[in-house]
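Counted from 1, the sequence shown has number 58 at position 4 by the working numbering; the numbering is strictly sequential.
By construction, the Cβ of each residue, glycine as well, lies at the ideal position given by its N, Cα and C atoms.
Treat the numbers as computed from the prediction; the structure is a model and nothing was measured.
Below is one structure; the comments refer to it alone.
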Amino acid sequence: MNIETTTCISHEHLELLTLHANNHSMSLRTFISCLISFAAHCDTVQVQYFKQVKYRNRNSGNWKRFHLVLYNDEYEFFMDVKKLWKMSLARIIEYCLDNVLDDFLKFLTKAEEDEDYYTDNYRYGGYAFETGTKENIFYITLYWGPHPEILQKAMT
Numbered sequence: 055m056n057i058e059t060t061t062c063i064s065h066e067h068l069e070l071l072t073l074h075a076n077n078h079s080m081s082l083r084t085f086i087s088c089l090i091s092f093a094a095h096c097d098t099v100q101v102q103y104f105k106q107v108k109y110r111n112r113n114s115g116n117w118k119r120f121h122l123v124l125y126n127d128e129y130e131f132f133m134d135v136k137k138l139w140k141m142s143l144a145r146i147i148e149y150c151l152d153n154v155l156d157d158f159l160k161f162l163t164k165a166e167e168d169e170d171y172y173t174d175n176y177r178y179g180g181y182a183f184e185t186g187t188k189e190n191i192f193y194i195t196l197y198w199g200p201h202p203e204i205l206q207k208a209m210t
């Protein structure tokens, strides 16, 4: 099952994303998903506490409504990024293009040069979260990869 969402993107950014997605033989949705995942794992943005969500600057440029179909796990991951970074999806995409794209393209090019390169269809396969109560305080722990206990069991 997929989850559909809509965002706005500048025509300039859409052209840039389309160009790079085509250059790397990826669909546009996959390229965007990989770019955001790369940015999140590089820890480029500090987690924002008690701040309001920031949206893209609406004053400049021509914008296009952009329909994005995400896998369930991707959608949950994007929701976490939005919550932690306090940015709308449009702002996250804009941030990634302005701040992370060059590093991501270098990473992607190097990965494609590797002999055993393959498409990772399960980027978020290890994504998990747990909830609990400790000393009467409710908590949520997010894992953007396999749960540590599973990894430990696999290593023994």
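Measuring C-alpha to C-alpha distances from residue 65 to each of 148, 167, 155 identifies 148 as the nearest. Here the alpha carbon of residue 167 sits roughly 34 Å from the alpha carbon of residue 142. Cα atoms of residue 192 and residue 164: separation of roughly 42 Å, rounded to the nearest angstrom. Burial of residue 150 is indicated by the presence of at least 16 other C-beta atoms within 10 angstroms of its C-beta. DSSP assignment within the stretch 68-98 yields the following whole alpha helix (DSSP H) runs of 4 residues or more, N-terminal first: 82-95. A residue is called buried once 16 or more other Cβ atoms fall within 10 Å of its Cβ, and residue 204, having fewer, is exposed. According to DSSP, residue pairing for residue 184 in a beta bridge involves 195.
Residue 190 and residue 91 have their C-alpha atoms roughly 33 Å apart. In this structure, the straight-line span from the alpha carbon of residue 144 to that of residue 110 is close to 6 Å. For residue 163, the secondary structure class from DSSP, reduced to helix, strand or coil, is helix. In the DSSP assignment, residue 132 falls within the unbroken alpha helix (DSSP H) covering 126-139. Residue state for residue 207 is assigned as helix, using DSSP reduced to three classes. Within the same chain, 196 come within 6 Å of residue 134 by CB-CB distance, once the 5 residues on both sides are set aside. A straight line joining the alpha-carbon of residue 140 with that of residue 101 spans about 8 Å. Beyond the five residues adjoining it in sequence on each side, residue 59 comes within less than 6 Å, by CB distance, of 122 in the same chain, given in chain order.
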